[in-house]
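Enquirer:
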Amino acid sequence: MIDIRLLRNDLDLVKKCISRRGENTEVLDLVIELDLKQRQSAEKRDELRNEIKEVSRQVGELHKSGKTDEATPLQESSRNMRVEEEKLSEECDRISDEIRELLLRVPNIPAEDCPEGVGVEDNVVLRVEGGDTLWEEHQRIPHWEIGEALKILDVERATKLSGAMFAMYTGLGATLCRALIQYGLDRNADEYREIRPPTLVLTETMISTGHLPKFIDDAYHLERDDLWAIPTAEVPLTSYARDEILDESDLPIKLMSHTSCFRREAGSAGRDTRGLLRVHEFDKVELLAYATPEQAQEVHDDILSRAESAIADLGLTYRILDLCTGDLGNSSARTFDIEVYAPGADQWLEVSSVSWFSDYQARRANVRYRAQGEKGTSVVHTLNGSGLAVPRVWAALVETYRQEDGSISIPEPLLPYMQGVKTIN
RNA sequence: GGAGAGGUGGCUGAGUCAGGUCGAAAGCGCUCCCCUGCUAAGGGAGUAAGGGCUUAAAAGCUCUUCGUGGGUUCAAAUCCCACCCUCUCCGCCA
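So this is what it looks like as structure tokens:
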């Protein structure tokens with residue numbers, strides 16, 4: 000959520016920032032209008048409350064000194080004031096709710112240095128790294144074919160169990176999946192504390208990251224218990240410190256989680272449906288940090304370099320994109336995407352979005368910090384990115400490491416996790 | 001799922017079953033000052049968050065918050081109702 004005081008102080012500036020995303024800014028005018036109304040009636044309401052309190056005090060004293068008859072008219076007038084107070088109070092609450100509803104749907108302000116653009120085509124490719132572009136014929140087999148041939152991926156049975164766009168890893172395919180997770184966690188354990196959070200969360204938890212209310216169609220909801228299946232560990236980790244006041248000396252706080260992630264993919268029906276390109280449920284290692292505004296840049300770099308090296312060390316080809324204002328996620332101020340190249344599917348696959356959310360999520364989640372020796376609190380910044388997203392890395396890896404004889408050789412960093420298996424055949 | 005106990009500030013914990021300067025005793029912690037060769041001990045002062053108004057600022061005024069939401073009342077941490085959560089016991093269970 001953006002700071003409403005920023006809106007009051009400089010509406011035009013906020014409008015200019017939001018419209019860089021190509022978003023309509025009319026709501027902001029409405030918010031300002033409602034905000035003014037709300038403050039006016041709140042002021043009247045508070046005055047009335049003050050009077051009621053004062054009268055009550057007098058009534059109390061009169062009763063104590065036995066002058067009950069003198070108290071009666073005061074009680075009468077207080078009753079009348081209460082009727083008026085309730086009216087104002089109701090109006091205030093109604094307007095406040097309305098403002099909140101609107102504000103929850105306003106996206107974050109992009110970082111100043113975020114590249115300008117209207118859509119994916121305007122994202123800036125910062126660099127392309129890794130393997131050569133001369134791919135051998137035996138690497139040009141898509142992973143769904145490899146998976147079937149080696150019996151390490153069973154999409155057909157997964158569909159039987161759960162419907163379209165679910166996957167099932169089998170045998171060494173499942174082992175490889177587990178190896179990637181462990182690899183993703185272990186290499187970041189030096190600084191990031193491992194958390195295994197719940198994967199079903201309350202509505203409030205989904206609101207904090209920005210996944211609700213705007214993107215309700217993308218989330219799985221368990222109606223009976225009013226719980227949501229998390230689309231990423233970003234969701235529970237962002238609420239880890241919800242409503243807490245952190246010590247500045249404890250920041251940055253770095254956390255990581257391996258969880259299942261659930262996505263309805265409502266807007267992408269029929270797109271990327273083959274194999275592991277886009278699935279409703281997948282495993283992912285997520286890195287997340289709470290930081291001061293001053294620390295944010297450094298932490299952003301840290302998460303990006305960790306996400307990048309995880310892919311680089313596996314010997315995969317990848318590129319890094321600086322997302323433009325038009326493609327930036329709703330809650331993000333700046334995002335770098337890492338895309339891995341899958342030679343068999345012949346596609347760049349997004350495997351990590353490393354984002355700086357400024358105070359947008361933290362304001363929703365009410366995560367603050369107290370600076371040493373200063374009074375008052377400030378809103379923290381949140382940052383996160385995938386340390387390792389299993390299906391797409393699995394796919395690119397299987398395709399990249401397919402040998403002429405159809406087997407898959409396991410890259411060296413994963414060997415410690417493969418129980419002695421060096422080749423899948 | 002059943003029975004009982006309980007949810008108060010950064011923490012511990014009074015206040016609730018006589019409703020009225022109680023946003024809240026006391027202790028711990030923390031900050032500053034004094035004392036001290038250093039440390040410890042000791043003495044003193046301060047110390048919740050959030051909103052609004054006023055102000056150049058310092059500061060001041062005011063409202064909200066004692067698990068959440070309703071109700072009673074001139075007045076609610078305190079009385080009533082519902083719900084949530086925690087703990088103990090029983091049941092069930094990976």
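In terms of numbering that gives the first Met the number 0, the first sequence opens at residue 0 and continues consecutively. For glycine and all other residues, C-beta sits at the position ideal for the given N, C-alpha and C.
#1: Please report the straight-line C-alpha distance between residue 407 and residue 150, rounded to a whole angstrom.
#2: Kindly list the residues whose CB is nearer than 6 Å to the CB of residue 361, restricted to its own chain and excluding five residues on each side of it in sequence; keep chain order.
#3: Which one of 90, 98, 64 and 55 has the shortest CA to CA distance from residue 74?
#4: Expressed to the nearest angstrom, what Euclidean distance is found between the alpha-carbon atoms of residue 182 and residue 121?
#5: Could you pull the start and end residues of the beta strand (DSSP E) that residue 289 belongs to?
#6: List in chain order: all unbroken alpha helix (DSSP H) runs of 4+ residues lying wholly within the region 62–144.
#7: Between the region 380–397 and the region 123–137, are three or more C-beta pairs nearer than 8 Å?
#8: Using the C-alpha atoms, what's the distance from residue 72 back to residue 58?
#9: Measuring only the C-alpha atoms, how far is residue 236 from residue 392?
#10: With H, G and I counted as helix, E and B as strand and the rest as coil, what does DSSP make of residue 9?
#11: If you drop the 5 nearest sequence neighbours on each side, which residues of the same chain put their C-beta closer than 6 Å to that of residue 316?
#12: By how many angstroms is the C-alpha of residue 8 removed from the C-alpha of residue 110?
#13: Suppose you measure from the CA of residue 427 to the CA of residue 239; what does that come to, to the nearest Å?
#14: Inspect the beta-carbon positions of residue 216 and residue 265 and report whether they are closer than 7 Å.
#15: Measure how close the beta-carbons of residue 146 and residue 350 come, nearest whole angstrom, since I'm counting them as under 8 Å.
#16: So which of 186, 327, 275 and 364 has the shortest CA-CA distance to residue 306?
#17: Please determine, among 399, 95, 388 and 245, the residue with the shortest C-alpha to C-alpha distance to residue 344.
#18: Evaluate residue 67 with the Cβ neighbour count: other Cβ atoms within 10 Å of its Cβ, from every protein chain shown; 16 or more gives buried, anything less gives exposed.
#19: With DSSP run on the structure shown, which of helix, strand or coil describes residue 385?
#20: Residue 275 and residue 390: beta carbons closer than 7 Å?
#21: Among 31, 19, 0 and 20, whose alpha-carbon lies nearest the alpha-carbon of residue 10?
#22: So does the region 90–104 actually touch the region 281–295, counting three or more Cβ pairs closer than 8 Å?
Expert: Walking through what the data contain:
#1: 12 Å
#2: 378, 379 and 381
#3: 55
#4: 33 Å
#5: 280–290
#6: 67–102
#7: no
#8: 10 Å
#9: 23 Å
#10: coil
#11: 129, 130 and 340
#12: 19 Å
#13: As displayed, the chain neither begins before 0 nor continues past 424, which places residue 427 out of reach and without an answer.
#14: yes
#15: Not really, about 18 Å apart at Cβ, beyond 8 Å.
#16: 186
#17: 399
#18: exposed
#19: strand
#20: yes
#21: 31
#22: no
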